[in-house]
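Trainee:
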Amino acid sequence: MHKNIKILLACSILIHGGINLLAPLYAIFIKNIGGTLFDAGATIGCYAILKGVFYFLFRKLKESKFSRKLMISAGYFLFFVGYVLYLFAFSIIHVIAIQALLAFAEVIINPSWSAVIANALTKGKERGIYSDFYGYRSVFEGLAAIGGGFLAMYLGFNTLFLLMAVFAFGASFLSLFLSKD
Numbered sequence: 004m005h006k007n008i009k010i011l012l013a014c015s016i017l018i019h020g021g022i023n024l025l026a027p028l029y030a031i032f033i034k035n036i037g038g039t040l041f042d043a044g045a046t047i048g049c050y051a052i053l054k055g056v057f058y059f060l061f062r063k064l065k066e067s068k069f070s071r072k073l074m075i076s077a078g079y080f081l082f083f084v085g086y087v088l089y090l091f092a093f094s095i096i097h098v099i100a101i102q103a104l105l106a107f108a109e110v111i112i113n114p115s116w117s118a119v120i121a122n123a124l125t126k127g128k129e130r131g132i133y134s135d136f137y138g139y140r141s142v143f144e145g146l147a148a149i150g151g152g153f154l155a156m157y158l159g160f161n162t163l164f165l166l167m168a169v170f171a172f173g174a175s176f177l178s179l180f181l182s183k184d
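When you line the sequence shown up against my numbering, it's residues 4 to 184, in that order.
1) Looking only at its own chain, which residues have a Cβ that is under 8 Å from the Cβ of LEU53, when we skip the five neighbours before and after it?
2) So for GLY20, helix, strand or coil by DSSP?
3) Just verifying my parser: in three-state terms, what is the DSSP assignment at LYS34?
4) Between which two residues does the alpha helix (DSSP H) harbouring HIS97 extend?
5) State yes or no: is the C-beta of LEU25 within less than 8 Å of the C-beta of PHE32?
6) What are the start and end residues of the alpha helix (DSSP H) that includes ALA236?
7) Are the segment 133 to 141 and the segment 158 to 167 touching by the rule of at least three beta carbon pairs closer than 8 Å?
8) Use the C-beta contact count for ASN7: other C-beta atoms within 10 angstroms, 16 or more gives buried, fewer gives exposed.
9) For PHE89 versus ALA174, is the C-beta distance shorter than 8 Å?
10) Could you give the C-beta distance for HIS5 and ALA123, rounded to a whole number, given that I count them as a contact under 8 Å?
11) Suppose contacts are defined by Cβ-Cβ distances below 8 Å. Is ILE95 in contact with GLY38 by that definition?
12) Are ALA168 and TYR50 touching if we call contact CB-CB under 8 Å?
13) Whose C-beta lies closer than 7 Å to the C-beta of PHE82 among residues of the same chain, with five residues either side of it excluded?
14) Rounded to the nearest angstrom, what separates PHE91 and TYR29 at their Cα positions?
15) So, with DSSP's three-state summary, where would you put MET4?
16) Helix, strand or coil for SER182 per DSSP?
17) Identify whether LEU158 lies in helix, strand or coil by the three-state DSSP scheme.
18) Using a Cβ-Cβ cutoff of less than 6 Å, which residues in the same chain neighbour ALA147 once the five nearest sequence positions on both sides are dropped?
19) Indicate the three-state DSSP secondary structure (helix, strand or coil) for LYS63 in the structure shown.
So this is what it looks like as structure tokens:
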């Protein structure tokens, strides 16, 4: 497996593992800060809608202006910032603002991430590489969801947010080792 694919797999495991620490508990977190089930759905809806809008705006940027490595690392760093901000979220408006930041972060990462993967694929081995990639990531996502429930129950949401931030920071740092070839 190409070095860049290994790095992006590790980054993907970290970021998606972090997301899945919270994912099954998200509605409970929203309720804890005074929100409703509708608010939980609305904040995720805002995330998806903003992500779509950001993709349309993002396509106007010239690809040669920013390196793929910089875009990926900056996006993961914005996830880190967003996860830290959850520590200070006490209203639905705060959560919507965080969701906007996270949507922007994902839009910064994905086009460059996809281009790096495409350039690193070995012809004729794409299916195996993608199967390994998503298999490892899915197993880690499941373990993170189980672990997130345990951590939230015994240590609270702030512990989850800090761990999510550590994972995102790790992904941001690790992505700096992507090579240009």
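We treat Cβ as the ideally placed atom computed from N, Cα and C, and that holds for glycine.
Mentor: If we stick to the structure as given:
1) GLN102, ALA103, ALA106, PHE107
2) helix
3) helix
4) 95 to 123
5) A Cβ-Cβ contact shorter than 8 Å links LEU25 with PHE32.
6) This structure does not reach residue 236, given that the chain is present from 4 up to 184, and the question cannot be answered.
7) no
8) buried
9) A small fix is needed here, since residue 89 is Tyr in this sequence, not Phe. Their beta carbons are not under 8 Å apart, which means TYR89 does not touch ALA174 by this criterion.
10) About 4 Å; that satisfies the 8 Å criterion.
11) yes
12) no
13) ILE18, LEU105, ALA108, ALA171
14) 15 Å
15) If DSSP states are grouped into helix, strand and coil, MET4 belongs with coil.
16) Residue state, collapsed to three classes: coil.
17) LEU158: helix per DSSP, three-state reduction.
18) GLY20, ASN23, LEU24
19) coil
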